[in-house]
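In the numbering used here, the protein residues as written are 13 to 206.
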Amino acid sequence: MTATSAAPTPPADAIPPVRHPDAPAPGELLGAHYEYCFGCGGGQPHGLHLEARAGEGVTVTAEFTVTPDHQGAPGLAHGGVLATALDETLGSLNWLLRVIAVTGRLETDFVRPVPVGTVLHLEAEVTAVHGRKIFSTAVGRIGGPEGPVAVRADALFVEVKVDHFIDNGRPEEIQAAMSDPDQVRRARAFEVNP
C-alpha cells in the first residue's frame with residue numbers, strides 16, 4: 013500500500029491566475045464544448061447537461077438537475093455523477109484562461125446526500141497557476157447558490173496541446189470533430205477536458 017499524496021495545493025512560487033482578455037464576459041453562458049460530452053453535451057440523453065456561466069475574475073457558476081438516471085442509492089445522486097459535475101465545472105474554468113487542460117487530480121468531499129430532483133448549484137475558481145499546472149477549487153450547493161454545501165473539490169489541471177486528444181482519442185470521434193464545417197464547434201471540441 014502506498015501513502016496518499018498531498019492535496020492539490022499550489023507551491024509557494026505559484027502565481028495568481030489571469031483572466032484572458034478574450035475570455036467570455038461575466039454572465040455569458042459557456043455552452044457545450046462538445047455535443048457528446050457526458051458533462052455538458054446535449055447529445056448525451058442521460059448526461060448531466062450541465063450549464064456553466066463565466067463569472068467575475070477567473071470563476072464560473074454552473075447548474076445541473078439530478079435526474080433518476082443519475083441515481084446511486086435509491087432516490088440519491090451517485091457520488092461519481094457528483095464528482096463528474098465538479099470536474100466539468102472546474103474544467104470550464106480553462107475557457108477563462110484560454111488554455112487546453114486536462115484533469116490531473118481531483119479530490120472530492122461528499123458533505124451531504126443530493127436527492128433526485130435537486131438542482132445542484134456549483135461555483136468554481138482558479139486559485140493559482142504554476143507553469144503548466146492550474147490549481148482550482150469548487151463547491152456544490154443544494155437549495156440555491158447560498159444553500160448548504162453538498163460537495164466540494166480541489167483540482168489540479170495540466171495544460172496540454174491538442175495532440176493529446178488526437179493521439180489518444182478514438183479515431184472515429186476525433187475525425188468527426190475535426191471534420192465539422194463549423195469552425196467554432198471544431199475548435200471548441202478540444203478546448204477543455206473532454
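Idealized CB from N, CA, C, for every residue including glycine.
Take R117 as the anchor and find which of T77, A167, L94 has the nearest alpha-carbon. Of the candidates T77, A167, L94, the one whose C-alpha sits nearest the C-alpha of R117 is A167.
Got a sec, what are the start and stop residues for the alpha helix (DSSP H) D34 sits in? Unbroken run through D34: none, as it is neither H nor E.
Taking only the alpha-carbon atoms, compute the straight-line gap between E158 and E135 and give it to the nearest angstrom. Roughly 11 Å between the two C-alpha positions.
Run through the region 97 to 134 for me and flag every whole alpha helix (DSSP H) of 4 or more residues, listed as ranges in chain order. You should have 106 to 109.
Check H61 in the structure and name its three-state DSSP category. Here H61 carries a coil assignment [DSSP, helix/strand/coil].
If we ignore side chains and look at the alpha-carbon of each, how far apart do V140 and T96 end up? Note on identity: in this sequence residue 140 is Ala, with Val being the wrong assignment. So the alpha carbons of these two residues sit roughly 22 Å apart.
Should the region 123 to 130 be regarded as contacting the region 99 to 112, the criterion being three or more beta carbon pairs within less than 8 Å? Contact fails between the region 123 to 130 and the region 99 to 112, because fewer than three Cβ pairs, one in each stretch, are under 8 Å apart.
Determine the direct distance from the alpha carbon of Q56 to that of E47, and round the result to whole angstroms. Straight-line Cα distance between these residues: approximately 8 Å.
Kindly indicate which three-state DSSP category H82 falls into: helix, strand or coil? DSSP places H82 in the helix class (H, G or I) of the three-state scheme.
Does the CB of P36 have a neighbour CB from chain C at under 8 Å? Of the protein chains in the structure, only one exists, and it is not chain C.
So what's E12 in DSSP terms, helix, strand or just coil? Here the chain has residues from 13 to 206 only, and residue 12 is not among them.
In chain order, what residues of the same chain have a beta carbon less than 7 Å from the beta carbon of P20, not counting five sequence neighbours either side? Contacts found: R117, E119, F147, D166, A167, L168.
Identity of the residue in A44, G51, G69, P28 nearest A35 by Cα: Checked all of A44, G51, G69, P28; the closest Cα to A35 is G69.
Buried or exposed (CB count within 10 angstroms, at least 16 for buried), R225: No information on residue 225 is available, as it lies outside the stretch 13 to 206 that the chain covers here.
Is it buried or exposed for G156, if we count other Cβ within 10 angstroms and need 16 for buried? Classified as exposed, G156 has fewer than 16 neighbouring CB atoms from the shown chains inside 10 Å of its CB.
Starting from K145, follow its DSSP beta bridges and name the residues at the other end. In the DSSP output, where bridge partners are listed per residue, K145 has H142, V170.
Is the beta carbon of P23 closer than 8 Å to that of V138? Their beta carbons are not under 8 Å apart, which means V138 does not touch P23 by this criterion.
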